[in-house]
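2 protein chains.
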Amino acid sequence: MKKIPKISEAEWEVMKLLWKKSPATANDVVKTLSGKTHWKRETIRTLINRLVQKKAVGFKKKGRQYHYFPLVTEAECVRAETTSFLKRFGGGSIEPMLAAFVEEEKLSTEKIAKLRRILKKAADEHKKKRNKSR
Amino acid sequence: MKKIPKISEAEWEVMKLLWKKSPATANDVVKTLSGKTHWKRETIRTLINRLVQKKAVGFKKKGRQYHYFPLVTEAECVRAETTSFLKRFGGGSIEPMLAAFVEEEKLSTEKIAKLRRILKKAADEHKKKRNKSR
DNA sequence: TCCATACTATTACATCTGTAACATTTACAA
DNA sequence: TTGTAAATGTTACAGATGTAATAGTATGGA
């Protein structure tokens, strides 16, 4: 499993952008984030630079500008964060977590369907294992 | 919704202990954590003290010793962390997350059943809403 | 009573984070 | 060509975190 650098709260905002659209110049990022946050352009540039140092973000020099792009995928990060979440709270956490998700109504009908499918598959596998060991 | 103080990675270890068994004296905590980590007793005491400052942990003086206990429940913390997780990755995150959970095999058969129930309920609610708006 | 022990309290210090100011270089317009 | 704006680079600084050392205090045994 690839090692994901530790990304801080503020830095996630930058990553989110780059996942959505990359490569992006520093200015692209500044422009977009200036809308959503109160960060000064220099602040945002610091975040980008730190991400580069951490090797979470790469860049290509294009003339005088830098074009940034993510070096880690969103899925990898979700995975890493999930693992750390699990370590913190143990398996017992997922239930209240899912409940929170549901309550926040972030779940579309299709997403719910997909999740149910994942769980159904897991349940089937459990059953299979039980049968085998019998 | 109650405001959960920001608890750091290392501090979670202390919280986990206290959730499992509290009240506990500083020494209880030190003893247990010394097994799992390489932290010196003073390090662990610092963590406890910080948690007290943050009001994540309370204590009662019992003679010369302090008995510590959590002031926030595990469920509250899971909830708060989930929300922050959601903010970071958006609703799209839950699918790979659940997949990770399943893969790590942290899910018992009963847990899966419970999760499926939660989702089924959510799905039914969606359906109801759709019908109403028709 | 007085010291060793066990606890608690104070202080330290390097990194990481959030938040930015100040400085330098480059490129284009006048 | 030279000043100015835009881009990049360097430095700053306070608060949080990881990790602990040292100092003070209370308490029970010699």
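Going down the list, the protein sequences come from chains L and R.
Each residue of the first sequence is one higher than the last, beginning at 3 in my numbering.
Each residue of the second sequence is one higher than the last, beginning at 3 in my numbering.
We treat Cβ as the ideally placed atom computed from N, Cα and C, and that holds for glycine.
- Counting only runs of at least 4 residues, the region 42 to 88 of chain R fully encloses the following alpha helix (DSSP H) elements, listed from N- to C-terminal order: 43 to 55.
- With a threshold of 8 Å between beta carbons, S95(L) makes contact with chain R.
- Taking 8 Å as the cut-off between beta carbons, the residues of the region 55 to 82 of chain R near chain L are E76, A77, C79, V80 and R81, in sequence order.
- In the DSSP annotation of this structure, the continuous segment of the alpha helix (DSSP H) that includes K18(L) starts and ends at E11 to K22.
- Assigned with DSSP and collapsed to three states, T27(R) falls in strand.
- DSSP places P7(R) outside both helix and strand once states are collapsed to three, so it counts as coil.
- CA-to-CA, the gap between G60(L) and I50(L) works out to about 10 Å.
- Taking C-beta separations shorter than 8 Å and ignoring five residues to either side along the sequence, the partners of K57(R) in its chain run P7 and L73, following chain order.
- Any Cβ of chain L closer than 8 Å to the Cβ of P98(R) would place that residue at the interface, and such an atom is present.
- For K4(R), same chain residues with a beta-carbon under 7 Å away, outside a window of 5 residues either side, are E78 in chain order.
- When the beta-carbon positions are compared, E76(L) and W14(L) stay at least 8 Å from each other.
- Around the C-beta of A82(R), 16 or more other C-beta atoms lie within 10 Å, and the residue is accordingly described as buried.
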